[in-house]
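Protein chains in written order, with our numbering: chain A, 24 to 590; chain B, 101 to 285.
Yeah, the Cβ is synthetic: ideal placement off N, Cα and C, and Gly gets one too.
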Amino acid sequence: MRNLTGSEALLQSLLHEGVDTIFGYPGGAIMPVFDALYDHKNDIKHILVRHEQGAIHAAQGYARVSKKVGVALVTSGPGATNAITGITDAMMDSTPLVVISGQVASSLLGSDAFQEADVIGVTQPVTKWAYQIRRVEDVPWAVSRAFYIAASGRPGPVVLDIAKDAQTKECEFSYGKTTFLRSYQPEIESCMEKIKQAAELINRAKKPLALVGQGVILGNAEKELIAFLEKGNIPFGSTILGLSAVPSNHSLNMGMLGMHGNIAPNLKTNECDVLIAIGMRFDDRVTGDLNTYAKQAEVIHFDIDRAEMDKNVKTTVKVLGNAKQTLPLVTALMEKNSHADWIGEFKPLYEKERRCVIDDELHPAEGAIKMGEVVNKITEATGNKAVCVTDVGQNQMMGTRYFKYTQSRSMVTSGGLGTMGFGLPAAIGAKYGAPDRKVCVFVGDGGLQMTIQEFGTIMEHGVDVKIILLNNNFLGMVRQWQELFFDERYSETQMKNPDFIKIAEAYGIKGKKVTERGDLDAAIDEMLTHKGAYLLEVAVETKGMVYPMIPAGTCVTNILLGNGHTI
Amino acid sequence: MEEKTLYTITIFSENAVGVLNQITTIFTRRQINIETLSVSPSAIQGIHKFTITAFSETEEAMKKLVRQIDKRVDILKAYYNTNAELVHQEIALYKIDTSKLLATNMVEKLVRKHNARILDVSEHATVIQKTGHYKDTQALFEELSESIGVLQFIRSGRVAITKSKVERLSDMLSKREEDKKENKH
Numbered sequence: 024m025r026n027l028t029g030s031e032a033l034l035q036s037l038l039h040e041g042v043d044t045i046f047g048y049p050g051g052a053i054m055p056v057f058d059a060l061y062d063h064k065n066d067i068k069h070i071l072v073r074h075e076q077g078a079i080h081a082a083q084g085y086a087r088v089s090k091k092v093g094v095a096l097v098t099s100g101p102g103a104t105n106a107i108t109g110i111t112d113a114m115m116d117s118t119p120l121v122v123i124s125g126q127v128a129s130s131l132l133g134s135d136a137f138q139e140a141d142v143i144g145v146t147q148p149v150t151k152w153a154y155q156i157r158r159v160e161d162v163p164w165a166v167s168r169a170f171y172i173a174a175s176g177r178p179g180p181v182v183l184d185i186a187k188d189a190q191t192k193e194c195e196f197s198y199g200k201t202t203f204l205r206s207y208q209p210e211i212e213s214c215m216e217k218i219k220q221a222a223e224l225i226n227r228a229k230k231p232l233a234l235v236g237q238g239v240i241l242g243n244a245e246k247e248l249i250a251f252l253e254k255g256n257i258p259f260g261s262t263i264l265g266l267s268a269v270p271s272n273h274s275l276n277m278g279m280l281g282m283h284g285n286i287a288p289n290l291k292t293n294e295c296d297v298l299i300a301i302g303m304r305f306d307d308r309v310t311g312d313l314n315t316y317a318k319q320a321e322v323i324h325f326d327i328d329r330a331e332m333d334k335n336v337k338t339t340v341k342v343l344g345n346a347k348q349t350l351p352l353v354t355a356l357m358e359k360n361s362h363a364d365w366i367g368e369f370k371p372l373y374e375k376e377r378r379c380v381i382d383d384e385l386h387p388a389e390g391a392i393k394m395g396e397v398v399n400k401i402t403e404a405t406g407n408k409a410v411c412v413t414d415v416g417q418n419q420m421m422g423t424r425y426f427k428y429t430q431s432r433s434m435v436t437s438g439g440l441g442t443m444g445f446g447l448p449a450a451i452g453a454k455y456g457a458p459d460r461k462v463c464v465f466v467g468d469g470g471l472q473m474t475i476q477e478f479g480t481i482m483e484h485g486v487d488v489k490i491i492l493l494n495n496n497f498l499g500m501v502r503q504w505q506e507l508f509f510d511e512r513y514s515e516t517q518m519k520n521p522d523f524i525k526i527a528e529a530y531g532i533k534g535k536k537v538t539e540r541g542d543l544d545a546a547i548d549e550m551l552t553h554k555g556a557y558l559l560e561v562a563v564e565t566k567g568m569v570y571p572m573i574p575a576g577t578c579v580t581n582i583l584l585g586n587g588h589t590i
Numbered sequence: 101m102e103e104k105t106l107y108t109i110t111i112f113s114e115n116a117v118g119v120l121n122q123i124t125t126i127f128t129r130r131q132i133n134i135e136t137l138s139v140s141p142s143a144i145q146g147i148h149k150f151t152i153t154a155f156s157e158t159e160e161a162m163k164k165l166v167r168q169i170d171k172r173v174d175i176l177k178a179y180y181n182t183n184a185e186l187v188h189q190e191i192a193l194y195k196i197d198t199s200k201l202l203a204t205n206m207v208e209k210l211v212r213k214h215n216a217r218i219l220d221v222s223e224h225a226t227v228i229q230k231t232g233h234y235k236d237t238q239a240l241f242e243e244l245s246e247s248i249g250v251l252q253f254i255r256s257g258r259v260a261i262t263k264s265k266v267e268r269l270s271d272m273l274s275k276r277e278e279d280k281k282e283n284k285h
C-alpha cells in the first residue's frame with residue numbers, strides 16, 4: 024500500500040479500468056487531476072477538445088465504435104453544464120461513458136462558490152448513476168462502481184463529480200474491480216419458460232418480422248442474431264441505432280425502420296403475424312401512432328431492460344436478458360423455415376421505393392447535386408467499409424439510408440436525442456476508437472456550425488476524419504417540415520453561411536468545395552486518398568426532401584413518397 | 101375521466117445521498133402528484149424505506165412508474181399496492197386551546213369517540229393525537245374545527261405494511277447474496 028493524492032488515485036483507477044484515451048478540457052476545479060495527468064503522457068492520451076460538449080460527443084463516438092467505455096474529464100460549473108447535452112444524448116442512446124467533473128472544495132459546497140453548480144442534481148435525471156466524491160478515500164471505490172455501472176446491463180453515462188480537496192488530499196490506494204452491487208441487477212437470468220414460448224410463437228409464424236435494435240450491438244450478439252434470423256429465415260428491419268449489426272447486403276436485411284426508413288419493413292410491420300423486437304425500444308420515430316401499430320401481430324420483445332417491457336407496445340412474450348444469451352436459446356428450439364412467399368413480398372416494395380425515391384436521389388440525370396447521391400458515391404468509394412458518422416437532420420437521414428455496412432459498429436449517430444452538433448466531435452472520437460478504419464462524417468451547414476470549434480481539435484491532434492458537408496444553406500429538415508406541414512412558411516431556416524473552406528484552411532484542414540456533379544468523383548477520391556482530415560463541401564439541392572416519410576404520430580403505413588407518387 | 105385509484109408505492113433503497121431526488125424526478129416526468137411521502141430506515145440496517153401514495157387512472161401507469169424507479173442503481177426494490185392489499189395508517193396531531201378543553205367535556209367526548217388520545221397539555225395549548233386512515237383523522241379534524249376550533253393540524257404521510265406473509269425485500273436480498281457467491285466462484 025502506498026499513499027496517493029486523490030488525483031493520482033483517480034488516474035491509477037482509470038488505468039486499472041484499461042483507460043488509455045480521455046477527452047477533456049481543464050479548468051480551476053479539476054486542475055489537480057490535469058496536473059497528475061502531466062506525468063502520465065505515456066499511458067493516457069488526453070485529447071484536448073475546444074468545448075466540453077465536444078468532449079462528451081467524442082467520448083460517445085469512441086465508445087460506440089470501440090466497445091469500450093468513453094471517458095471525459097471536465098471542470099466544475101460551466102464545464103459540467105456544457106457537458107449535459109452530450110450526457111443526455113448518451114443516456115438516450117445507451118452509450119457507456121464515465122464523465123468526471125471537477126467540483127469546488129467540499130468545504131465550499133452549497134455556498135454558491137465560484138464555478139459551483141449542482142452537478143449531481145442536474146445530471147441525476149440524465150445519467151445511469153451520478154456520484155459526488157467528497158473524500159479522497161472514496162476515489163477508487165467510486166471509479167470502480169462507475170465503470171461497472173456504465174458498461175454493464177443496458178449501458179449508459181455515469182457522472183463522477185469530484186471535489187477539489189478530494190483531488191489533493193492523500194490516502195492509501197488499492198483498487199478492486201466491482202462485479203456486484205446488491206441493488207443493481209444488470210442482467211437477468213434467462214427464463215426458459217419465456218424462451219420456449221418465444222420459440223413456439225416463432226415456429227408457428229407464417230409471416231414473422233424482426234426489428235433489430237442497438238441492443239444486439241451493445242450485447243455483442245451480432246453472430247447470434249444472424250444465426251437466429253437465418254435459421255428461421257426471418258426478414259428484418261433495423262432501427263437507426265441497430266444499423267450495421269448485420270451487413271447491408273444480407274438477403275434478410277430489409278432496411279431501416281421508422282419515419283424515413285424503407286417502405287418494406289414499415290409496411291410489413293402492420294402485416295406480419297409475429298413481430299420480434301430485439302434490443303429496441305419502440306421509439307415513436309419507429310412506431311408512429313401506437314394505436315395503429317402492429318395490432319394484428321403477436322409481439323415478442325427481447326430486451327435487457329425490464330422497464331422497456333410493455334412501455335410503448337404491449338407484448339405477448341417478454342424475453343428479458345442479454346440477446347447474446349437469449350437468442351441462441353431460442354434458436355436452438357426453432358425449426359428451420361423458409362418463409363419464401365412472405366420474403367418474396369418485400370422485394371416488390373423495395374422495387375417500388377427504388378423507382379419512386381431511390382433512383383432519383385442516388386442517380387439524378389440532371390439538376391443540382393443530391394444529398395443521397397453524395398452519400399452513395401462515398402460509401403461505394405470506401406468499399407462500404409468505413410465508419411459512418413452523421414450529424415442530425417437531412418444529412419443524418421441520407422447517411423443512414425444510403426451508407427452501406429460490412430461490419431458492425433459502423434454507424435455513429437445521435438438517435439434518441441437528435442443532437443445537432445454531434446457529428447464532428449463524435450467523428451473525432453470514432454477515429455480514436457477505430458484508428459485503422461476510415462471515418463466519414465456527414466454534416467449539414469447548421470449542425471457543423473454548432474460544434475465547428477472542434478476543427479481546432481482536429482488540427483492540434485491531426486485527426487484523420489473525412490468531413491462531408493452537405494450544404495443547402497438551409498436547416499434542411501426543419502425546412503422540409505415547413506414545406507410539408509407549415510404552408511412553406513420558411514421561418515428562420517435559411518442561413519447565410521461563411522466560407523467553410525476558408526475556415527477549414529485556417530485550421531490547416533485541406534478542403535474542396537464541389538458545385539458541379541462532374542467534379543464529385545474526383546473530389547471524393549482526393550478526400551479519401553488524402554492523408555489527414557479533409558473537408559469536402561458539396562453544394563446540394565437547396566430544397567431537397569427526404570423520402571419516404573411517415574408524418575409524426577401517424578400510422579406506419581401512411582408513407583409519403585413525394586413527387587406525386589403514392590404508396 | 102376514469103376514476104383514479106390511490107396506490108401505495110413502497111421503495112427500498114441504499115442509504116445514499118440524493119435517492120429521493122431520483123425518485124421524485126421520475127414522478128415529475130410522468131406528471132404524477134405525490135399525495136403523501138414517508139421515509140425512514142427499514143428493519144434492515146443501511147436500507148431506507150420510502151412509502152409514497154399517489155393517484156393514478158390506470159394500473160399500467162403505476163407499473164411503468166415503479167419499473168422506472170426500480171431501474172435506478174441505488175434502488176433495491178420498488179413495488180405498488182392498492183389499499184386492499186395493505187394495512188396502513190397515518191398519524192395526525194391537533195393543537196387546541198387549553199381553556200376550551202377545560203370549559204366543557206366536549207373535547208373529552210370527541211377524543212373518546214374517535215379513539216384518539218391527549219398527548220400533551222400545557223397552559224395555552226393541548227395536543228391531541230390520532231392514528232388511522234385518512235378519513236378517520238380527517239373526521240376528527242372536522243368535528244374539532246366545528247366545535248371548538250383547531251389552532252394547528254399536522255398529518256403524517258402513510259405508513260403501510262402488506263398483508264401477505266412474505267417480505268419481498270428479504271427474498272430479494274437473500275437471492276442477491278446467492279448471486280454474489282456465484283459471482284465469486
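Since residue i and residue j are thought to touch, with beta carbons under 8 Å apart, how far apart are those beta carbons, to the nearest angstrom?
i, j, result
"Ser117 of chain A", "Leu241 of chain A", "6 Å"
"Ser156 of chain B", "Thr105 of chain B", "6 Å"
"Glu321 of chain A", "Leu252 of chain A", "Contact doesn't hold; Cβ gap of about 18 Å is too wide."
"Val342 of chain A", "His324 of chain A", "7 Å"
"Met473 of chain A", "Gly499 of chain A", "Met473 of chain A to Gly499 of chain A, Cβ: 14 Å. No contact."
Should residue i be labelled buried (16 or more other beta-carbon atoms within 10 Å of its own) or exposed?
i, result
"Gly367 of chain A", "exposed"
"Ser15 of chain A", "Residue 15 of chain A is absent from the structure shown; chain A starts at 24 and stops at 590."
"Glu242 of chain B", "exposed"
"Asp43 of chain A", "exposed"
"His188 of chain B", "buried"
"Ser267 of chain A", "buried"
"Thr565 of chain A", "exposed"
"Arg129 of chain B", "exposed"
"His285 of chain B", "Low per-residue confidence applies at His285 of chain B: pLDDT is 48, beneath 50, and the placement is therefore not dependable, though the value from the model is reported in the following sentence. Burial call: exposed."
"Ile261 of chain B", "exposed"
"Asp382 of chain A", "exposed"
"Tyr61 of chain A", "exposed"
"Asn345 of chain A", "buried"
Output yes if chain B places a C-beta closer than 9 Å to the C-beta of residue i; else output no.
i, result
"Trp152 of chain A", "yes"
Please say whether residue j and residue i have beta carbons closer to each other than 9 Å?
i, j, result
"Phe112 of chain B", "Leu165 of chain B", "no"
"Gly84 of chain A", "Gly452 of chain A", "yes"
"Pro571 of chain A", "His283 of chain A", "yes"
"Val1 of chain A", "Arg87 of chain A", "Outside the displayed span of chain A (24 to 590) sits residue 1 of chain A, for which this structure offers no information."
"Gly125 of chain A", "Ala52 of chain A", "yes"
"Pro448 of chain A", "Gln76 of chain A", "yes"
Please check if any C-beta of chain D sits within less than 9 Å of the C-beta of residue i.
i, result
"Gly236 of chain A", "The structure shown contains no chain D; its protein chains are A and B."
Quick one: Cα of residue i to Cα of residue j, how far?
i, j, result
"Arg212 of chain B", "Ala225 of chain B", "19 Å"
"Asn183 of chain B", "Tyr107 of chain B", "7 Å"
"Val4 of chain A", "Trp152 of chain A", "The requested residue 4 of chain A does not occur in the structure, where chain A is confined to residues 24 to 590."
"Ile401 of chain A", "Gly469 of chain A", "21 Å"
"Tyr198 of chain A", "Val159 of chain A", "13 Å"
"Asn215 of chain B", "Tyr234 of chain B", "14 Å"
"Gly534 of chain A", "Pro521 of chain A", "14 Å"
"Asn226 of chain A", "Met277 of chain A", "21 Å"
"Lys291 of chain A", "Phe426 of chain A", "23 Å"
"Leu275 of chain A", "Val119 of chain B", "46 Å"
"Glu247 of chain A", "Met482 of chain A", "41 Å"
"Arg276 of chain B", "Arg205 of chain A", "6 Å"
Would you verify that the beta carbon of residue i is, or is not, closer than 9 Å to some beta carbon of chain A?
i, result
"Asp271 of chain B", "no"
"Asp279 of chain B", "yes"
"Lys265 of chain B", "no"
"Glu114 of chain B", "yes"
"His285 of chain B", "Because His285 of chain B sits at a pLDDT of 48, beneath the cut-off of 50, its placement in the model cannot be relied upon, and the following sentence gives the value as read from the coordinates. So no, His285 of chain B is outside the interface."
"Gln168 of chain B", "yes"
"Arg268 of chain B", "no"
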